[in-house]
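Line order of the protein sequences matches chains A and B.
Counting from -19, one number per residue, gives the positions in the first sequence under the working numbering.
Counting from -8, one number per residue, gives the positions in the second sequence under the working numbering.
Beneath this line is the structure, given in structure tokens, with notes to follow.
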Amino acid sequence: NAGVTQTPKFQVLKTGQSMTLQCAQDMNHEYMSWYRQDPGMGLRLIHYSVGAGITDQGEVPNGYNVSRSTTEDFPLRLLSAAPSQTSVYFCASSLDSRIYGYTFGSGTRLTVV
Amino acid sequence: KNEVEQSPQNLTAQEGEFITINCSYSVGISALHWLQQHPGGGIVSLFMLSSGKKKHGRLIATINIQEKHSSLHITASHPRDSAVYICAVPGETGNQFYFGTGTSLTVIP
């Protein structure tokens, strides 16, 4: 099925560990973004990409890295996990969010202990 | 500073009630989006609208561009409507989306 695929769905990390959240889309969307969702706060942009080889920081980029080597994939790396990074993470893609909005992945629930 | 404000934050309704969720925004927009998120679930797009009104089944979304306000209405609410409803507007470049904090709706049978 076409859409945005995120893996894993759940993850528990120890403080200081690193990991990569995977995101892939098969709709040939140029725009891809990572958001985190915390209780009482709206979705906040971590990093985004407007095409292969192009990435930029969003509102809350510290502690996260991204790369975009292909149009399809946009992984999010946590360099050294901290409890403050406990959150639900969503990947989203779009042809142009001003016109079409975003297609969201199903989310990754991350707990850092 | 919040570009998008939603109200109420939480809403409990009896099955069959008419429900209204409000969204006010401060940025200039090309279109406003209403999203739905079921407990533990992903986020799906309900509406995208830039003027007037749209209707899908029991859901109706309206927008007043001059007043920078949108409403989402649910007629004859049902327990399966229980979810978080999120209002979102794109930023100027299209790379940034501004999200409301969401309205958590619970419909009781």
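Glycine included, every Cβ here is placed at the ideal spot set by N, Cα and C.
Computed from a predicted structure; not experimentally measured.
Item, Value
"Do you know offhand how far ALA61 (chain A)'s Cα is from SER67 (chain A)'s?", "12 Å"
"In this structure, how does DSSP classify GLN0 (chain B) when only helix, strand and coil are distinguished?", "coil"
"Report buried or exposed for PRO81 (chain B), applying the criterion of at least 16 other Cβ atoms within 10 angstroms of its Cβ.", "buried"
"Give the range of the alpha helix (DSSP H) segment to which ARG78 (chain A) is assigned.", "77 to 80"
"Quick one, are the C-beta atoms of HIS64 (chain B) and THR11 (chain B) less than 8 Å apart?", "yes"
"To the nearest angstrom, report how far apart ASN45 (chain A) and THR66 (chain B) are at their CA atoms.", "44 Å"
"Starting from VAL35 (chain B), trace the beta strand (DSSP E) both ways and give me its first and last residue.", "34 to 40"
"Helix, strand or coil: which one does DSSP assign to SER73 (chain B)?", "coil"
"For PHE(-10) (chain A) and THR83 (chain A), what's the separation of their Cα atoms in angstroms?", "20 Å"
"Quick one: list the residues of chain B neighbouring LEU56 (chain A), beta-carbon separation under 7 Å, in chain order.", "Within chain B, no residue comes near LEU56 (chain A); the closest Cβ sits about 16 Å away, beyond 7 Å."
"Which residues does DSSP pair with VAL(-5) (chain B) in a beta bridge?", "B:TYR16"
"How is PRO63 (chain A) classed by DSSP in three states: helix, strand or coil?", "helix"
"Taking SER21 (chain B) as the reference, give the member of B:ARG71, B:GLN57, B:SER73, B:PRO100 with the closest Cα.", "B:GLN57"
"Pick out whichever of A:GLU10, A:GLN37, A:ASP18, A:ASP53 has its Cα sitting closest to the Cα of ILE26 (chain A).", "A:GLN37"
"Measuring only the C-alpha atoms, how far is SER61 (chain B) from CYS78 (chain B)?", "9 Å"
"For PHE70 (chain A), list the residues DSSP reports as bridge partners.", "A:TYR15"
"Does the beta carbon of VAL(-5) (chain B) come closer than 8 Å to any beta carbon on chain A?", "yes"
"Under DSSP, the beta strand (DSSP E) around GLN98 (chain A) begins and ends at which residues?", "Because chain A in this structure spans residues -19 to 93, residue 98 (chain A) falls outside the shown range and cannot be described."
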